[in-house]
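The structure appears right after this line, and notes come after that.
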Amino acid sequence: MLVSAKEMLNKARAGKYAVGQFNINNLEWTKAVLLTAQENNSPVILGVSEGAGKYMGGYKTIVGMVNGLLEELNITVPVALHLDHGSYEGAKAAMAAGFSSIMFDGSHYAIEENIAKTTELVNLTNEKGLSLEAEVGSIGGEEDGVVGAGEIADANECKAIADLGVTMLAAGIGNIHGQYPANWKGLAFDALEKIADATGTMPLVLHGGTGIPEEMIKKAISLGVAKINVNTECQLAFAAATRKYIEAGKDLEGKGFDPRKVLAPGFEAIKATVKEKMELFGSVNQA
117 MLVSAKEMLN KARAGKYAVG QFNINNLEWT KAVLLTAQEN NSPVILGVSE GAGKYMGGYK
177 TIVGMVNGLL EELNITVPVA LHLDHGSYEG AKAAMAAGFS SIMFDGSHYA IEENIAKTTE
237 LVNLTNEKGL SLEAEVGSIG GEEDGVVGAG EIADANECKA IADLGVTMLA AGIGNIHGQY
297 PANWKGLAFD ALEKIADATG TMPLVLHGGT GIPEEMIKKA ISLGVAKINV NTECQLAFAA
357 ATRKYIEAGK DLEGKGFDPR KVLAPGFEAI KATVKEKMEL FGSVNQA
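Reminder that position 83 of the sequence shown reads as 199 in our numbering, one-by-one numbering, no gaps.
Written as C-alpha coordinates, this is what we have:
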(Lines of atoms letter the chains of each structure in order from A and count residues from 1; the text may use other names and numbers.)
(Lines give C-alpha, C1' and ligand atoms only; values in the text may rest on other atoms or scores of the structure.)
Protein backbone atom coordinates (compact mmCIF):
# COMPACT_ATOMS: atom_id res chain seq x y z
CA MET A 1 0.00 0.00 0.00
CA LEU A 2 1.36 3.40 -0.99
CA VAL A 3 2.04 5.87 1.81
CA SER A 4 2.67 9.59 2.04
CA ALA A 5 6.36 10.50 2.35
CA LYS A 6 5.72 12.56 5.50
CA GLU A 7 6.44 10.00 8.19
CA MET A 8 9.49 8.47 6.46
CA LEU A 9 11.05 11.91 5.89
CA ASN A 10 10.38 13.27 9.38
CA LYS A 11 11.98 10.09 10.75
CA ALA A 12 14.96 10.50 8.41
CA ARG A 13 15.43 14.17 9.34
CA ALA A 14 15.42 13.30 13.05
CA GLY A 15 17.69 10.27 12.52
CA LYS A 16 20.22 12.12 10.32
CA TYR A 17 19.87 9.91 7.25
CA ALA A 18 18.12 10.43 3.92
CA VAL A 19 15.52 8.51 1.91
CA GLY A 20 16.31 8.09 -1.77
CA GLN A 21 13.88 9.12 -4.48
CA PHE A 22 14.63 6.97 -7.51
CA ASN A 23 12.92 8.04 -10.71
CA ILE A 24 11.20 5.28 -12.66
CA ASN A 25 10.77 4.91 -16.41
CA ASN A 26 9.18 1.50 -16.93
CA LEU A 27 8.37 -1.86 -15.33
CA GLU A 28 12.04 -2.94 -15.01
CA TRP A 29 12.95 0.29 -13.28
CA THR A 30 10.06 0.10 -10.84
CA LYS A 31 10.59 -3.57 -10.01
CA ALA A 32 14.36 -3.07 -9.53
CA VAL A 33 13.86 -0.18 -7.10
CA LEU A 34 11.10 -1.91 -5.10
CA LEU A 35 12.98 -5.21 -4.76
CA THR A 36 16.17 -3.42 -3.67
CA ALA A 37 14.23 -1.42 -1.06
CA GLN A 38 12.68 -4.63 0.30
CA GLU A 39 16.01 -6.51 0.33
CA ASN A 40 17.66 -3.65 2.23
CA ASN A 41 14.69 -2.93 4.51
CA SER A 42 14.70 0.69 3.38
CA PRO A 43 11.86 3.15 2.86
CA VAL A 44 11.81 4.45 -0.71
CA ILE A 45 10.24 7.10 -2.92
CA LEU A 46 9.42 6.33 -6.56
CA GLY A 47 9.74 9.53 -8.58
CA VAL A 48 7.81 10.16 -11.79
CA SER A 49 8.44 13.25 -13.90
CA GLU A 50 5.62 14.55 -16.09
CA GLY A 51 7.56 13.39 -19.17
CA ALA A 52 8.00 9.87 -17.74
CA GLY A 53 4.30 9.92 -16.86
CA LYS A 54 3.41 10.49 -20.50
CA TYR A 55 5.96 7.89 -21.65
CA MET A 56 4.48 5.20 -19.39
CA GLY A 57 0.93 5.78 -20.60
CA GLY A 58 -0.37 8.19 -17.98
CA TYR A 59 -0.60 8.50 -14.20
CA LYS A 60 -3.37 5.91 -13.77
CA THR A 61 -1.27 3.32 -15.64
CA ILE A 62 1.65 4.00 -13.29
CA VAL A 63 -0.51 3.80 -10.15
CA GLY A 64 -1.92 0.47 -11.35
CA MET A 65 1.55 -0.92 -12.10
CA VAL A 66 3.03 0.19 -8.78
CA ASN A 67 0.10 -1.04 -6.69
CA GLY A 68 0.18 -4.38 -8.51
CA LEU A 69 3.91 -4.80 -7.87
CA LEU A 70 3.57 -3.90 -4.18
CA GLU A 71 1.04 -6.71 -3.79
CA GLU A 72 2.58 -9.35 -6.07
CA LEU A 73 6.17 -8.85 -4.83
CA ASN A 74 5.05 -8.69 -1.17
CA ILE A 75 6.67 -5.29 -0.61
CA THR A 76 6.29 -4.38 3.06
CA VAL A 77 8.67 -1.39 3.37
CA PRO A 78 7.14 2.12 3.14
CA VAL A 79 6.79 3.24 -0.49
CA ALA A 80 5.66 6.67 -1.69
CA LEU A 81 4.75 7.35 -5.33
CA HIS A 82 5.82 10.93 -5.99
CA LEU A 83 5.23 13.33 -8.86
CA ASP A 84 8.59 14.97 -9.60
CA HIS A 85 8.72 18.63 -10.72
CA GLY A 86 4.97 18.73 -11.18
CA SER A 87 3.22 21.66 -12.80
CA TYR A 88 0.11 23.03 -11.11
CA GLU A 89 -2.18 21.05 -13.48
CA GLY A 90 0.08 17.99 -13.39
CA ALA A 91 -0.07 17.98 -9.58
CA LYS A 92 -3.86 17.86 -9.64
CA ALA A 93 -3.89 15.10 -12.28
CA ALA A 94 -1.44 12.91 -10.32
CA MET A 95 -3.45 13.38 -7.12
CA ALA A 96 -6.63 12.32 -8.91
CA ALA A 97 -4.87 9.22 -10.29
CA GLY A 98 -3.77 8.00 -6.85
CA PHE A 99 -0.21 9.25 -6.31
CA SER A 100 0.62 9.40 -2.59
CA SER A 101 3.04 12.33 -2.80
CA ILE A 102 3.29 15.42 -5.00
CA MET A 103 5.94 17.93 -5.89
CA PHE A 104 4.75 21.28 -7.11
CA ASP A 105 7.63 23.12 -8.72
CA GLY A 106 6.72 26.79 -8.52
CA SER A 107 10.35 27.92 -8.52
CA HIS A 108 10.03 29.61 -11.93
CA TYR A 109 7.16 31.83 -10.71
CA ALA A 110 7.60 35.05 -8.75
CA ILE A 111 7.67 34.15 -5.02
CA GLU A 112 4.16 35.61 -4.50
CA GLU A 113 2.66 33.31 -7.13
CA ASN A 114 4.69 30.34 -5.88
CA ILE A 115 3.22 30.99 -2.40
CA ALA A 116 -0.36 31.36 -3.72
CA LYS A 117 -0.30 28.15 -5.77
CA THR A 118 1.58 26.19 -3.09
CA THR A 119 -0.99 27.30 -0.48
CA GLU A 120 -3.83 25.88 -2.56
CA LEU A 121 -1.97 22.58 -3.03
CA VAL A 122 -1.17 22.38 0.71
CA ASN A 123 -4.93 22.48 1.36
CA LEU A 124 -5.70 19.88 -1.33
CA THR A 125 -2.96 17.44 -0.25
CA ASN A 126 -3.87 17.83 3.44
CA GLU A 127 -7.47 16.87 2.66
CA LYS A 128 -6.27 13.67 0.96
CA GLY A 129 -3.45 12.84 3.42
CA LEU A 130 -0.73 13.21 0.77
CA SER A 131 2.74 14.70 1.18
CA LEU A 132 3.73 17.85 -0.71
CA GLU A 133 7.16 19.03 -1.82
CA ALA A 134 7.71 22.65 -2.85
CA GLU A 135 10.73 24.27 -4.49
CA VAL A 136 12.50 27.59 -4.02
CA GLY A 137 15.40 28.61 -6.28
CA SER A 138 15.36 26.56 -9.47
CA ILE A 139 17.61 23.50 -9.65
CA GLY A 140 20.17 23.71 -12.44
CA GLY A 141 20.57 21.49 -15.48
CA GLU A 142 17.85 20.03 -17.65
CA GLU A 143 14.97 17.77 -16.67
CA ASP A 144 12.28 17.01 -19.21
CA GLY A 145 13.15 20.10 -21.23
CA VAL A 146 13.06 22.41 -18.19
CA VAL A 147 16.43 24.13 -17.82
CA GLY A 148 17.61 25.81 -14.62
CA ALA A 149 20.91 27.55 -13.93
CA GLY A 150 21.41 26.17 -10.42
CA GLU A 151 20.28 29.09 -8.28
CA ILE A 152 21.01 29.57 -4.60
CA ALA A 153 17.68 29.81 -2.78
CA ASP A 154 16.93 32.73 -0.48
CA ALA A 155 16.52 31.58 3.13
CA ASN A 156 13.65 34.02 3.81
CA GLU A 157 11.74 32.78 0.75
CA CYS A 158 12.37 29.19 1.92
CA LYS A 159 10.88 30.06 5.32
CA ALA A 160 7.84 31.67 3.67
CA ILE A 161 7.15 28.47 1.69
CA ALA A 162 7.96 26.12 4.61
CA ASP A 163 5.56 28.05 6.86
CA LEU A 164 2.68 27.23 4.48
CA GLY A 165 2.74 23.67 5.82
CA VAL A 166 4.47 21.76 3.03
CA THR A 167 5.94 18.37 3.97
CA MET A 168 9.40 18.94 2.48
CA LEU A 169 11.30 21.67 0.72
CA ALA A 170 13.63 21.52 -2.28
CA ALA A 171 15.98 24.49 -2.13
CA GLY A 172 18.56 25.30 -4.76
CA ILE A 173 22.09 25.16 -3.26
CA GLY A 174 24.09 25.04 -6.48
CA ASN A 175 22.95 21.49 -7.34
CA ILE A 176 21.99 20.57 -10.91
CA HIS A 177 20.15 17.79 -12.74
CA GLY A 178 22.16 15.46 -14.96
CA GLN A 179 25.93 15.14 -14.97
CA TYR A 180 27.98 17.81 -13.24
CA PRO A 181 30.41 19.81 -15.40
CA ALA A 182 34.14 19.73 -14.59
CA ASN A 183 34.03 23.35 -13.37
CA TRP A 184 31.14 22.80 -10.91
CA LYS A 185 31.79 24.73 -7.71
CA GLY A 186 30.15 22.20 -5.38
CA LEU A 187 27.22 22.58 -2.98
CA ALA A 188 26.80 25.90 -1.16
CA PHE A 189 26.81 24.65 2.43
CA ASP A 190 26.67 28.17 3.90
CA ALA A 191 23.35 28.66 2.06
CA LEU A 192 22.12 25.22 3.21
CA GLU A 193 22.88 26.10 6.85
CA LYS A 194 20.92 29.36 6.56
CA ILE A 195 17.99 27.54 4.92
CA ALA A 196 18.02 24.83 7.62
CA ASP A 197 18.09 27.50 10.36
CA ALA A 198 15.18 29.36 8.73
CA THR A 199 12.99 26.27 8.19
CA GLY A 200 13.49 24.46 11.51
CA THR A 201 12.87 20.71 11.37
CA MET A 202 11.49 20.76 7.80
CA PRO A 203 12.98 17.84 5.80
CA LEU A 204 15.06 19.36 2.98
CA VAL A 205 15.39 17.82 -0.47
CA LEU A 206 18.54 17.54 -2.58
CA HIS A 207 17.81 17.26 -6.30
CA GLY A 208 20.49 16.21 -8.76
CA GLY A 209 22.01 13.50 -6.54
CA THR A 210 24.03 11.98 -9.40
CA GLY A 211 27.73 12.76 -9.23
CA ILE A 212 27.79 14.67 -5.94
CA PRO A 213 30.85 13.42 -3.99
CA GLU A 214 30.11 11.17 -0.98
CA GLU A 215 31.49 13.58 1.61
CA MET A 216 29.21 16.35 0.27
CA ILE A 217 26.19 14.03 0.44
CA LYS A 218 27.00 13.14 4.05
CA LYS A 219 27.51 16.78 5.01
CA ALA A 220 24.21 17.77 3.35
CA ILE A 221 22.40 15.03 5.34
CA SER A 222 24.00 16.30 8.57
CA LEU A 223 22.57 19.77 7.77
CA GLY A 224 18.95 18.63 7.33
CA VAL A 225 18.68 17.01 3.89
CA ALA A 226 16.32 14.04 4.33
CA LYS A 227 15.43 13.22 0.70
CA ILE A 228 17.91 12.82 -2.15
CA ASN A 229 16.82 12.40 -5.77
CA VAL A 230 18.68 10.02 -8.06
CA ASN A 231 17.82 9.62 -11.73
CA THR A 232 20.73 10.08 -14.17
CA GLU A 233 22.96 7.60 -12.32
CA CYS A 234 20.45 4.76 -12.75
CA GLN A 235 20.01 5.69 -16.42
CA LEU A 236 23.78 5.62 -17.03
CA ALA A 237 24.15 2.26 -15.25
CA PHE A 238 21.24 0.79 -17.23
CA ALA A 239 22.62 2.07 -20.55
CA ALA A 240 26.15 0.81 -19.87
CA ALA A 241 24.96 -2.70 -18.92
CA THR A 242 22.66 -2.90 -21.96
CA ARG A 243 25.43 -1.69 -24.27
CA LYS A 244 27.80 -4.33 -22.89
CA TYR A 245 25.23 -7.09 -23.54
CA ILE A 246 24.63 -5.98 -27.15
CA GLU A 247 28.29 -5.30 -27.95
CA ALA A 248 29.20 -8.77 -26.66
CA GLY A 249 26.73 -10.18 -29.21
CA LYS A 250 24.65 -11.87 -26.50
CA ASP A 251 21.44 -10.89 -28.29
CA LEU A 252 22.57 -13.03 -31.25
CA GLU A 253 23.11 -16.19 -29.17
CA GLY A 254 20.12 -18.53 -28.92
CA LYS A 255 17.14 -16.65 -27.55
CA GLY A 256 19.31 -13.74 -26.41
CA PHE A 257 17.05 -11.34 -28.33
CA ASP A 258 14.20 -12.00 -25.86
CA PRO A 259 13.52 -8.56 -24.28
CA ARG A 260 13.56 -10.18 -20.84
CA LYS A 261 17.16 -11.25 -21.50
CA VAL A 262 18.18 -8.00 -23.21
CA LEU A 263 16.90 -5.91 -20.27
CA ALA A 264 18.16 -8.20 -17.48
CA PRO A 265 21.72 -6.76 -17.18
CA GLY A 266 20.31 -3.22 -17.03
CA PHE A 267 17.82 -4.32 -14.36
CA GLU A 268 20.67 -5.72 -12.23
CA ALA A 269 22.70 -2.54 -12.79
CA ILE A 270 19.84 -0.40 -11.47
CA LYS A 271 19.54 -2.65 -8.41
CA ALA A 272 23.27 -2.31 -7.69
CA THR A 273 23.13 1.49 -8.06
CA VAL A 274 20.08 1.81 -5.80
CA LYS A 275 21.67 -0.40 -3.12
CA GLU A 276 24.86 1.68 -3.19
CA LYS A 277 22.83 4.89 -2.76
CA MET A 278 20.72 3.47 0.09
CA GLU A 279 23.94 2.53 1.91
CA LEU A 280 25.40 6.00 1.33
CA PHE A 281 22.22 7.78 2.41
CA GLY A 282 21.94 5.64 5.57
CA SER A 283 18.41 4.38 4.89
CA VAL A 284 19.23 0.64 5.06
CA ASN A 285 17.25 -1.04 7.89
CA GLN A 286 15.27 2.16 8.57
CA ALA A 287 11.95 0.76 7.31
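Here a beta-carbon is modelled for each residue, glycine too, at the ideal position from N, C-alpha and C.
As the structure is a prediction and not an experimental result, all values here were calculated from the model.
- Residue pairing by DSSP places Glu251 opposite Ala286 in a beta bridge.
- Looking at Leu320, Met219, Glu188 and Lys387, the one whose alpha-carbon comes closest to that of Leu352 is Lys387.
- For Gln154, the enclosing alpha helix (DSSP H) has its first and last residue at Leu143 to Glu155.
- The beta carbon of Tyr204 sits closer than 7 Å to those of Phe220 and Lys233, all from its chain and outside the five residues before and after it, given in chain order.
- Here the segment 377-395 lies against the segment 138-149, with 3 or more beta-carbon pairs under 8 Å apart.
- Pro319 places its beta carbon 8 Å or farther from that of Lys335.
- DSSP lists Leu199 and Leu248 as the beta-bridge partner residues of Ile218.
- For Ser399, no alpha helix (DSSP H) segment is defined, and its DSSP state is neither H nor E.
- Between Ala213 and Leu118 a beta carbon distance of about 11 Å is seen, past the 8 Å cut, so the two are scored as non-contacting.
- Rounded to the nearest angstrom, the gap between the Cα atoms of Ala380 and Leu308 is 40 Å.
- Ala312 and Thr326 have their alpha carbons spaced roughly 22 Å apart.
- About 5 Å separates the beta carbons of Ile292 and Gly324, which is inside the 8 Å limit, making them a contact pair.
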